[in-house]
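J.:
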Amino acid sequence: MRRIIISALLICFSSAWAFAQDTKPLELAPDAPDRHIVVPGDTLWGISARFLKDPYRWPEIWRLNTEDIKNPHRIYPGQVVILDKSGDKPQLKLGRLVKAEPRIYVDSQQKEIPAIPQHVIEPFLSRPLVVGAGTLDDAARIIAFREGRIGVGSGDTVYATRVQTKAAQWQIFRAGKPMLDPDRPGEILGLEAIYLGTARQTAEGEPATFEITSSRQEIDRNDYLLPAPRAEIISYVPHAPANPVSGRVIALYGGVGESGKHSIVSISRGKADGLEVGHVLAVYRSGKEVTNLSGDKNEIYKLPEERYGLVFIFRVFDRVSYGLIMDAPRPVMEGDTVRNP
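Have a look at this one:
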């Protein structure tokens, strides 16, 4: 049986969503093709960008109704996405390969292709990243090493207290710095979780015994253990939030001062603010102040804000979210604004 290349899994939509979209006409990409043959390696975002100036408006060009949302269309290797411009508004439809086209052979074991490049975000799908206030109060904590060593790594044995559940695999992390809201000075959105490695429990007890199965850096006493969650394939269709959302870029992946396309950022809004996986936000840079020397006086002007990029939200916590920069001709910087596109 053929494997799905793209499963446009639509979640958390309502009839009100359709009325919350852009009121401006749907614009095609300047070089939008009449059709596109779906091939292994395609992503939902990539196909959308071939046809649309604004890829996040994918549901509109497919004219999805309530039933479509519950049972979304699926696109397979070898199918053709056809652009129909015969009506008042452009529409995408699925067609079949014509015989004149070269055959496309597909590995039957091929995994489903997500909406955005999975390899870029995979490390961020199965790690805590952010912990809320009070989460660490009940988390399992490493208290000792075998033979009294100072620090340990892969293959070593550690002992931990407060182990209250069973899990096939555990993750080890260290509490990092607080994540602060740039718009509300002093307000803590969460605590960064620094990923250290993985472990498996080898014996129950108080303390319980664990073997470290992998490590990215040395593990110390007072580091924490949490059950490892399952990594999910991100195949949610890109769409704009139904309600207004405005936040800021608070951190860049890798600790650099600026970031570009296919880089990962964290933003200062989350589930509590209405964000969900698949939301697309625009990135804005605040205009700087300039001085105009005119005669004997100096006139200060603030330049207008500039929109210059898009970010796809792929993981959402209560008050913080992580997104992948999809389109940014200039570097994204900490403090830049994100809001509805």
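Here our numbering is used: the first residue of the sequence shown is 3, the next is one more, and so on.
For each residue, glycine too, the CB sits at the ideal point set by N, CA and C.
Could you check which residue in VAL133, SER88, THR45, ARG271 has the C-alpha nearest to that of LYS179?
T.: Comparing Cα positions, the closest option is VAL133.
J.: On a CA-only basis, which of LEU193, THR211, HIS241 is nearest ASP158? Give me that one, please.
T.: Considering only alpha carbons, the answer is THR211.
J.: Can you tell which of PRO79, PRO243, ALA330 has its C-alpha closest to the C-alpha of LYS263?
T.: Measuring from the Cα of LYS263, the nearest candidate turns out to be ALA330.
J.: By the three-class DSSP mapping on this structure, what secondary structure does ILE118 have?
T.: ILE118: coil per DSSP, three-state reduction.
J.: Going by DSSP in three states, THR137 sits in which element: helix, strand or coil?
T.: In the structure shown, THR137 sits in a helix (DSSP, three-state: H, G or I).
J.: Which complete beta strand (DSSP E) runs does the region 231 to 315 hold, if anything under 3 residues is left out?
T.: Fully enclosed beta strand (DSSP E) runs of 3 or longer: 248 to 254, 266 to 269, 282 to 287, 291 to 296, 299 to 304.
J.: Under 7 Å Cβ to Cβ from GLY276, same chain only, skipping five residues before and after it: list those, please.
T.: Closer than 7 Å at Cβ, skipping near neighbours: PRO243, ASN245, VAL247.
J.: If we ignore side chains and look at the alpha-carbon of each, how far apart do ARG164 and ALA141 end up?
T.: If you take the alpha carbons of ARG164 and ALA141, they lie about 7 Å apart.
J.: For LEU96, report the span of its beta strand (DSSP E) as first-last.
T.: 93 to 97 is the span of the beta strand (DSSP E), which, as asked, contains LEU96.
J.: Can you give me the C-alpha to C-alpha distance between GLY136 and GLY188, rounded to a whole angstrom?
T.: Whole-angstrom Cα-Cα distance: 18 Å.
J.: Indicate the three-state DSSP secondary structure (helix, strand or coil) for TYR58 in the structure shown.
T.: Helix.
J.: Applying the 10 Å Cβ sphere with the 16-neighbour rule, what's the burial state of VAL41?
T.: VAL41 is exposed by the Cβ-count criterion.
J.: I want to know whether the region 165 to 173 touches the region 297 to 312 - three or more CB-CB distances under 8 Å.
T.: Touching, no, given that fewer than three Cβ pairs across the two stretches are closer than 8 Å.
J.: Quick one, are the C-beta atoms of PHE314 and VAL282 less than 8 Å apart?
T.: Closer than 8 Å, so yes.
J.: Which residues mark the beginning and the end of the beta strand (DSSP E) in which ARG52 is found?
T.: Unbroken run through ARG52 is the alpha helix (DSSP H), 46 to 53; no beta strand (DSSP E).
J.: Can you give me the start and stop residues for the beta strand (DSSP E) that ASP320 sits inside?
T.: Counting along the chain, ASP320 falls outside any beta strand (DSSP E), and DSSP gives it neither H nor E.
J.: Tell me the residue span of the beta strand (DSSP E) that contains VAL83.
T.: Element bounds for VAL83: 82 to 86.
J.: Please name the residue in HIS121, ARG223, LYS91, ASP338 whose C-alpha comes closest to that of ASP183.
T.: If we check each option's Cα against that of ASP183, ASP338 comes out closest.
J.: Taking a contact to mean a Cβ-Cβ separation below 8 Å, would you say SER268 touches ILE252 in this structure?
T.: Yes, Cβ-Cβ distance for SER268 and ILE252 is below 8 Å.
J.: Whole angstroms is fine: what's the gap from ARG148's alpha carbon to LEU198's?
T.: Going from the Cα of ARG148 to the Cα of LEU198 covers about 19 Å.
J.: Express the C-alpha separation of TYR286 and VAL340 in angstroms, rounding to a whole number.
T.: Taking the straight line joining both Cα atoms gives about 6 Å.
J.: Residue range of the beta strand (DSSP E) that ALA170 falls in?
T.: Element bounds for ALA170: n/a, residue is neither H nor E.
J.: Can you tell me whether LEU331 is helix, strand or coil according to DSSP?
T.: The identity of residue 331 in the sequence shown is Pro, whereas the question assumes Leu. The answer is coil: DSSP assigns PRO331 none of H, G, I, E or B.
J.: If contact is defined by three or more beta carbon pairs under 8 Å, each pair taking one atom from either stretch, is the region 34 to 48 in contact with the region 219 to 235?
T.: Flag = no, the region 219 to 235 and the region 34 to 48 do not touch.
J.: Only counting the same chain, and skipping five residues up and downstream in sequence, which positions put a Cβ closer than 7 Å to that of LYS91?
T.: Taken in chain order, the residues that qualify are LEU28.
J.: Closest to PRO240 by CA distance: which of HIS121, PRO343, ALA195, GLY153 is it?
T.: Nearest C-alpha to PRO240: PRO343.
J.: Can you have a look at SER270 and say buried or exposed, based on whether 16 or more other CB atoms are within 10 angstroms of its CB?
T.: By the neighbour-count rule (16 or more Cβ atoms within 10 Å), SER270 is buried.
J.: I need the DSSP call for PRO125, collapsed to helix, strand or coil.
T.: Three-state DSSP puts PRO125 in a helix.
J.: Smallest Cα separation from ALA117: which of LEU94, SER323, PHE316, VAL322?
T.: Comparing Cα positions, the closest option is PHE316.
J.: Keeping to the same chain, check which residues put their C-beta closer than 7 Å to that of ARG332; ignore five residues upstream and five downstream.
T.: Hits under 7 Å: TYR310.
J.: Going straight from the alpha carbon of ALA177 to that of LEU227, what length do you get?
T.: About 11 Å.
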